[in-house]
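Structure first, then comments.
Numbering (the numbering used here), first residue to last: 19 to 494.
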């Protein structure tokens with residue numbers, strides 16, 4: 019069975035070719051460089067190129083083996099096309115790690131893409147077990163060598179066959195003690211079917227030195243223990259990113275050090291509550307989409323008085339408490355259309371009151387229609403000097419009345435940027451917009467059709483203090 023045609027074999031990196039040229043032309047000149055300089059030259063190279071350079075001589079092999087950066091990426095397709103070939107590659111990498119011993123590892127980057135040809139005789143579960151155990155062994159080896167930056171991407175294309183063999187999605191326990199390694203500063207983990215048993219994290223009695231944690235496609239068992247570990251043990255953490263993480267019903271994190279917090283759950287029915295608190299939080303990104311009927315069971319609570327940037331994509335819920343933002347500079351809203359029908363004016367008013375100090379506001383069409391419905395009275399956004407809008411449907415008769423409500427709440431608006439995303443409709447009712455004595459900088463980007471040209475003409479005729487008008491039309 020052909021799961022995926024092998025990608026073309028990556029060509030050797032120019033850096034590796036240049037090193038070999040130096041070796042052949044100048045003899046031992048490369049190895050005479052200071053070791054830290056040599057390691058810096060080798061650090062971006064994939065492991066196949068490092069091994070190729072190291073094969074020149076025993077001396078070069080020793081130099082390459084002591085490199086502090088290991089990039090297990092970009093393997094030649096002829097080495098990964100079949101399980102047998104991959105077994106040979108696994109053994110070769112094991113031998114390399116054995117030769118390098120306990121030399122310190124600063125960066126370990128693994129991109130293991132399990133997509134290859136399987137013959138009828140291939141034992142899929144065995145392939146999965148072998149490769150998973152090897153990958154975990156490499157990760158443990160890196161931790162034992164005091165790795166600081168760990169990046170692991172482990173994917174597989176044999177999912178249907180694994181599900182058939184196991185009677186469901188296979189789950190492999192990720193070694194939780196890896197995350198508690200004292201040397202770790204940054205962890206990026208993208209590993210489908212890996213389960214992190216968070217209760218084991220709490221068994222560690224020392225403080226974590228993690229500065230950055232990015233989890234993607236993993237499963238977390240015991241969300242309460244996980245959040246407690248982040249809040250109590252990760253006292254230096256600055257960035258926390260949770261992307262498509264399964265098993266999280268509630269996220270409640272309180273951190274005195276965190277500066278960036280992102281959750282990305284584009285279609286999650288299980289996630290119910292997100293509560294984040296931090297004095298140093300400056301950037302928050304939320305992507306959270308769920309069925310409209312579930313909005314009353316969802317809640318969002320943010321306590322970040324020093325927040326500067328907020329991005330919100332997906333749904334708004336019935337229960338949200340954003341607190342006070344004293345230094346908010348930028349808000350980017352990309353809401354879906356359901357809020358137009360289900361979001362009441364009280365909830366919209368509360369949200370706008372929370373972001374009242376914002377200076378730069380970016381809205382998609384549904385955000386505009388959700389928060390600035392015709393007839394509502396939004397609080398004035400006195401500090402907004404920049405407004406960006408992306409419009410899809412100009413056939414919408416309520417669009418201009420909604421824009422009128424919006425512009426009335428922005429008395430100090432100076433810069434307006436509008437992007438037209440399709441060619442549907444004509445923008446009617448422009449005379450209702452009151453922009454003549456406020457706008458001095460306008461940028462219009464027309465991707466399809468030319469209906470916003472009418473708006474540009476209106477701006478030229480009415481905006482009395484206009485200094486700059488830019489219109490960008492797509493070649494389409």
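By construction, the Cβ of each residue, glycine as well, lies at the ideal position given by its N, Cα and C atoms.
- In the assembly as shown, residue 160 is a buried residue. Its beta-carbon has 16 or more other beta-carbons within 10 Å.
- Ranked by how close their Cα comes to the Cα of residue 224, the residues 279, 250, 237, 215 have 250 in first place.
- Scanning the region 371-403 for uninterrupted alpha helix (DSSP H) segments of 4 residues or longer gives 383-389, listed from N- to C-terminal end.
- Check the Cα spacing between residue 370 and each of 362, 396, 385: the tightest is with 396.
- Here residue 270 carries a strand assignment [DSSP, helix/strand/coil].
- Counting the other CB atoms within 10 Å of its CB gives residue 248 a total of 16 or more, which places it among the buried residues.
- With a contact defined as Cβ atoms closer than 8 angstroms, residue 162 and residue 120 qualify at about 7 angstroms.
- Beta bridge pairing from DSSP links residue 327 with 301, 348.
- In this structure, residue 231 sits near residue 205, with a CB-CB distance shorter than 8 angstroms.
- In the three-state scheme derived from DSSP, where H, G and I count as helix and E and B as strand, residue 410 is classed as coil.
- Non-local C-beta neighbours of residue 84 in its own chain, meaning closer than 7 angstroms and more than five positions away in sequence, comprise 118, 121, ordered along the chain.
- Taken in chain order, the complete alpha helix (DSSP H) segments of 4 residues or longer contained in the region 201-271 are 216-219, 241-246.
- Taking a C-beta distance under 8 angstroms as the contact criterion, residue 463 and residue 438 qualify as a contact pair.
- Nearest to residue 154 by C-alpha distance, out of 192, 141, 169, 421, is 192.
- For the pair residue 217 and residue 240, the CB atoms are nearer than the 8 angstroms cut-off.
- For residue 487, the enclosing beta strand (DSSP E) covers residues 486-491.
- Annotation: the continuous beta strand (DSSP E) that includes residue 281 extends over 278-283.
- Between residue 208 and residue 167, the gap from beta carbon to beta carbon reaches 8 angstroms or more.
- Note: residue 173 is bridge-paired with 131 in the DSSP secondary-structure output.
- Of the other Cβ atoms in all chains shown, fewer than 16 fall within 10 Å of the Cβ of residue 311; this residue is therefore exposed.
- According to the DSSP assignment, residue 102 belongs to the alpha helix (DSSP H) that extends over 101-118.
- Here the region 290-300 makes contact with the region 314-323; the two share three or more CB pairs at distances below 8 angstroms.
- Assignment of residue 316 by DSSP, reduced to helix, strand and coil, places it in the coil class.
- The C-beta distance from residue 406 to residue 380 rounds to 4 angstroms, short enough to fall under 8 angstroms.
- For the options 221, 390, 335, the alpha carbon positioned closest to that of residue 246 is the one of 221.
- In the three-state reduction of the DSSP assignment, residue 91 falls in the coil class.
- Residue 165 has no beta-bridge partner at all, per DSSP.
- Distance between residue 164 and residue 201, taken at the CA atoms: about 5 angstroms.
- Proximity to residue 411 across 383, 257, 421 peaks at 383, based on C-alpha coordinates.
- Distances from the alpha-carbon of residue 360 to those of 373, 387, 93 put 387 closest.
- Counting C-beta atoms within 10 angstroms of its own C-beta, residue 64 has 16 or more neighbours from the protein chains shown and is therefore classed as buried.
- Between residue 90 and the set 338, 427, 69, the nearest pair of CA atoms involves 69.
- Nearest to residue 305 by alpha-carbon distance, out of 294, 286, 313, 315, is 286.
- For residue 58, the enclosing alpha helix (DSSP H) begins and ends at 53-60.
- Counting only the Cα atoms, residue 378 lies some 12 angstroms from residue 329.
- Residue 420: member of the alpha helix (DSSP H) spanning 417-426, first to last residue.
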